[in-house]
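Engineer:
Numbering (our numbering), first residue to last: 2 to 69.
1) How long is the line joining the alpha carbons of residue 35 and residue 56, rounded to whole angstroms?
2) Roughly how many angstroms separate the alpha carbons of residue 17 and residue 49, rounded to a whole number?
3) What distance in whole Å lies between the Cβ atoms of residue 44 and residue 22, which are believed to be in contact at a cut-off of 8 Å?
4) Keeping to the same chain, check which residues put their C-beta closer than 8 Å to that of residue 25; ignore five residues upstream and five downstream.
5) Within the same chain, show all residues whose beta-carbon is closer than 7 Å to that of residue 15, passing over the 5 residues directly before and after it, in chain order.
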């Protein structure tokens, strides 16, 4: 494997998790509209937030390594 591929693999996984979070958010909005309850949207928003963490870590990592 080339070094570029090794770097791109974790970023690809993080992007998939980020997209899954957005899909959960859309599903939660639909479920909130269908049920009239705020619970589905609250659960989807928290899942979306948790699934955003890996990409934030991936994007912040190069900056922290430059500071050392």
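By construction, the Cβ of each residue, glycine as well, lies at the ideal position given by its N, Cα and C atoms. In this text, all values refer to a predicted model and were calculated from it rather than measured experimentally.
Structural biologist: Straight from the coordinates:
1) If you number the chain shown from 1, residue 35 lands on position 34. If you number the chain shown from 1, residue 56 lands on position 55. A straight line joining the alpha-carbon of residue 35 with that of residue 56 spans about 31 Å.
2) For the purposes of this step, residue 17 is identified with residue 16 of the chain shown, where counting begins at 1. For the purposes of this step, residue 49 is identified with residue 48 of the chain shown, where counting begins at 1. Spanning the two alpha carbons is a distance of roughly 12 Å.
3) One-based indexing of the chain shown puts residue 22 at position 21. One-based indexing of the chain shown puts residue 44 at position 43. Incorrect: roughly 12 Å between the Cβ atoms, too far for contact.
4) Locating residue 25 in the chain shown gives position 24, counting from the first residue. Within the same chain, residue 25 has close Cβ partners 45, 48, 49, 52.
5) Residue 15 sits at position 14 when you count from the first residue of the chain shown. The answer, listed in chain order, is 55, 56, 59.
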